[in-house]
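Trainee: A single structure is presented below for examination.
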Amino acid sequence: MEPGMGDVLRRLASVGPFFAVPHGAEPPGPGFRPLSELYGEHLTPYVAEVGRRIGSGPDRVAASTAQFGIASRLWSLGLGCAALAGRIPDLAPDRLHWRMPEAASLELWLPAPAATLPAEALGESVLKNLALLEAPLREGFGVSAKVLRGNAASGLVGALRVLLDRVPGEKAVELAGALLADGGALAGTGTFIHEEGLGVAFVRRSCCLYYRVPGGGLCGDCVLRTRGT
Numbered sequence: 002m003e004p005g006m007g008d009v010l011r012r013l014a015s016v017g018p019f020f021a022v023p024h025g026a027e028p029p030g031p032g033f034r035p036l037s038e039l040y041g042e043h044l045t046p047y048v049a050e051v052g053r054r055i056g057s058g059p060d061r062v063a064a065s066t067a068q069f070g071i072a073s074r075l076w077s078l079g080l081g082c083a084a085l086a087g088r089i090p091d092l093a094p095d096r097l098h099w100r101m102p103e104a105a106s107l108e109l110w111l112p113a114p115a116a117t118l119p120a121e122a123l124g125e126s127v128l129k130n131l132a133l134l135e136a137p138l139r140e141g142f143g144v145s146a147k148v149l150r151g152n153a154a155s156g157l158v159g160a161l162r163v164l165l166d167r168v169p170g171e172k173a174v175e176l177a178g179a180l181l182a183d184g185g186a187l188a189g190t191g192t193f194i195h196e197e198g199l200g201v202a203f204v205r206r207s208c209c210l211y212y213r214v215p216g217g218g219l220c221g222d223c224v225l226r227t228r229g230t
């Protein structure tokens, strides 16, 4: 029998903070709003807050970092549930809720009862969310579509890498590999390799711009590493 989504989310929380998503009839505190509001009226102040925290100001570096964080949280939730239950929660922006904590990354809350979808809906579900961010981030902050797609791919592989350290993730590997392969929704964003027993490797074909943050450096999968920059 498929485990209840509440049980799955409790197990998933042990993987790490990006995988932890409270689930219940009441939010675990004040300030939670539907994700649809983050993609609309709250996006500019959200980017400004991210920029304040990383020290870049409300510029395209902050906008890229904000989108990367959102993508990573969504992939972590979806991949983890796919690995543990073979299904994912409904990640529609009017279902999943968020708030900005005083520290750390975006917090999510999934109201109960949680509708579920087949694991194969993961890519479409997450990328529909990210598509709502593309126009305002490109037009309002000058982040290129290439960078945003690269962030989505890098967030996917990063979530997969952390997950595989804690949970048998054959289903998650299959889903990520299909999205990144030729013909997949994230094809062309980088080179993805998975070897049983060794884990995953990824080199993206774009840069998230984090190296421009004061004290920042190059990410492990950054294209600039392979260019010797």
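Be aware that the sequence shown starts at 2, since it is given in the numbering used here, and climbs by one per residue. Beta carbons: idealized from backbone N, C-alpha and C, even for Gly. Treat the numbers as computed from the prediction; the structure is a model and nothing was measured.
What three-state label does DSSP hand residue 200 in the structure shown?
Mentor: Position 199 of the sequence shown, counted from the first residue, corresponds to residue 200. Residue 200: strand per DSSP, three-state reduction.
Trainee: Of all the options 25, 62, 203, which has the alpha carbon lying nearest to the alpha carbon of residue 214?
Mentor: Within the sequence shown, the letter at position 213 stands for residue 214. When only C-alpha atoms are compared, the closest one is 62.
Trainee: Residue 88 to residue 73, Cα distance in whole Å?
Mentor: In the sequence shown, counting from the first residue as 1, residue 88 sits at position 87. In the sequence shown, counting from the first residue as 1, residue 73 sits at position 72. Cα to Cα, the separation comes out at about 18 Å.
Trainee: Buried or exposed, going by whether 16 or more other CB atoms sit within 10 Å of the CB of residue 222?
Mentor: Translated into the one-based positions of the sequence shown, residue 222 becomes position 221. The residue in question, residue 222, is buried, as its Cβ has 16 or more Cβ neighbours within 10 Å.
Trainee: So is residue 182 buried or exposed if we call it buried at 16+ other beta carbons inside 10 Å?
Mentor: As a position in the sequence shown, residue 182 is number 181, starting the count at 1. Under this definition residue 182 is an exposed residue.
Trainee: How many angstroms separate the CA atom of residue 36 from the CA atom of residue 71?
Mentor: As a working mapping, residue 36 is identified with position 35 in the sequence shown. As a working mapping, residue 71 is identified with position 70 in the sequence shown. Cα to Cα, the separation comes out at about 10 Å.
Trainee: Helix, strand or coil: which one does DSSP assign to residue 108?
Mentor: Counted from its first residue, the sequence shown places residue 108 at position 107. Three-state result, residue 108: strand.
Trainee: If you measure between the beta carbons of residue 173 and residue 67, is that distance less than 7 Å?
Mentor: Stepping through the sequence shown from its first residue, residue 173 is reached at position 172. Stepping through the sequence shown from its first residue, residue 67 is reached at position 66. No. Outside cutoff.
Trainee: For residue 140, count neighbouring Cβ atoms within 10 angstroms of its own Cβ and tell me buried if that reaches 16, exposed if not.
Mentor: Looking up residue 140 in the sequence shown gives position 139. Residue 140 should be labelled exposed.
Trainee: For residue 162, tell me which candidate among 9, 184, 180, 203 has the shortest Cα-Cα distance.
Mentor: The residue you call residue 162 lines up with position 161 of the sequence shown. It is 203.
Trainee: Going by CA-CA distance only, name the one from 135, 76, 93, 133 that's closest to residue 116.
Mentor: Taking the sequence shown and counting its residues from 1, the one referred to as residue 116 is at position 115. The candidate whose alpha carbon is nearest that of residue 116 is 93.
Trainee: Could you have a look at residue 230 and say whether DSSP puts it in helix, strand or coil?
Mentor: Stepping through the sequence shown from its first residue, residue 230 is reached at position 229. Confidence in residue 230 is poor, its pLDDT being 46 and thus under 50, which makes the residue's placement unreliable; the coordinate value appears in the next sentence. Coil at residue 230, not helix or strand.
Trainee: How big is the Cα-Cα spacing for residue 55 and residue 217?
Mentor: The residue given as residue 55 occupies position 54 in the sequence shown. The residue given as residue 217 occupies position 216 in the sequence shown. Taking the straight line joining both Cα atoms gives about 9 Å.
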